[in-house]
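Every letter in the sequence shown is one number past the one before it in the UniProt record's numbering, and letter 73, counting from 1, is 73.
Beta carbons are placed, not taken as given, at the ideal position from N, Cα and C, and that holds for glycine.
Read the structure below first, then the notes.
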Amino acid sequence: MLNQLLTVIIIGAPRVAGSLVIIISFWIAAALLRKLIHRLTTTSKLSLDALKLLEQTFISTVWIVGIVTALGTLGIDVSALIAGLGLTGFAVGLALKDILSNLVSGALILIYRPFRRRDRISVGNFEGTVIDIDLRYTTLQGEGKTILIPNSYLFTNTICIIQDSEVKIITKIY
């Protein structure tokens with residue numbers, strides 16, 4: 001019994017050590033990536049919101065890949081886990097299609113910046129001053145009312161930016 005336990009420890013120790021090295025390596029990679037993105041904050045034309053989204057996405061991806069790699073090093077069969085993650089992602093994507101559409105449109109609006117806060121815009125039947133842009137909605141203030149416009153609507157319709165007496169029309173954001 002004691003011999004079997006020692007054999008399991010001797011055989012398993014390199015795997016555990018390798019997994020710990022992998023986790024530490026991915027932790028260092030995530031920290032370096034975070035520093036790189038923070039450095040981009042000062043040198044990039046991207047908005048702070050877009051950089052925050054970029055940071056969260058990349059850091060989460062690095063951690064997921066690191067954990068799956070460490071589990072594989074331990075000898076755990078991760079193929080079923082990866083397939084499950086893929087199927088779960090597909091099902092969630094279908095279920096949350098509109099939300100994901102607004103999220104991606106919001107990210108593209110934050111990256112390309114066709115309009116900014118305090119710009120007066122008109123899209124469809126809506127007109128007002130942009131008071132907030134987030135990943136799901138763009139908020140307009142117009143004639144005593146606040147209008148929340150889904151970003152996917154902004155992304156697929158013509159936007160008129162009203163600048164004093166001049167009107168600048170954007171038909172495609174990308």
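Check	Outcome
Does the region 82-99 come within contact of the region 7-16, defined as at least 3 CB pairs closer than 8 Å?	no
Under a three-way DSSP split, which group does Ser122 fall into?	strand
Taking only runs of the beta strand (DSSP E) that begin and end inside the UniProt domain "Mechanosensitive ion channel MscS" (98-159), which ones reach a length of at least 3 residues, in chain order?	120-123, 126-133, 137-142, 145-150
Is the beta carbon of Ile59 closer than 7 Å to that of Ala30?	yes
Span of the alpha helix (DSSP H) holding Asp49?	48-73
Is any heavy atom of the ligand NAP found at a distance shorter than 6 Å from the C-beta of Ile147?	Questions concerning the ligand NAP fall outside what the structure shown contains, since it holds no ligand whatsoever.
Could you spell out the range, first to last residue, of the alpha helix (DSSP H) harbouring Leu96?	No alpha helix (DSSP H) contains Leu96, which DSSP labels as neither H nor E.
Can we say the region 144-154 touches the region 97-108, given the rule of at least three CB pairs closer than 8 Å?	yes
If Asp132 sits next to Arg117, beta carbons under 8 Å apart, how far is it from one beta carbon to the other, in whole angstroms?	7 Å
When you compare only the Cα positions, how much space is there between Ser19 and Leu74?	6 Å
Starting from Ser25, follow the alpha helix (DSSP H) in both directions and report where the run begins and ends.	2-43
Do three or more CB pairs link the region 118-129 to the region 83-90 at distances below 8 Å?	no
Can Ala70 and Ile22 be called in contact, C-beta distance under 7 Å?	yes
In terms of alpha-carbon separation, which member of Ile37, Ile161, Gly144 lies closest to Arg120?	Ile161
Can you give me the C-alpha to C-alpha distance between Ala50 and Trp27, rounded to a whole angstrom?	23 Å
Please determine, among Leu108, Ile159, Leu103, Arg136, the residue with the shortest C-alpha to C-alpha distance to residue 176.	Residue 176 lies beyond the stretch modelled for the chain, which goes from 1 to 174, so this question has no answer here.
Who are the near neighbours of Thr139 in its chain, counting only those whose CB is closer than 6 Å to its CB and skipping five residues on each side?	Ile131, Asp132, Leu148
Considering only their Cβ atoms, is the gap separating Asn102 from Val123 smaller than 7 Å?	no
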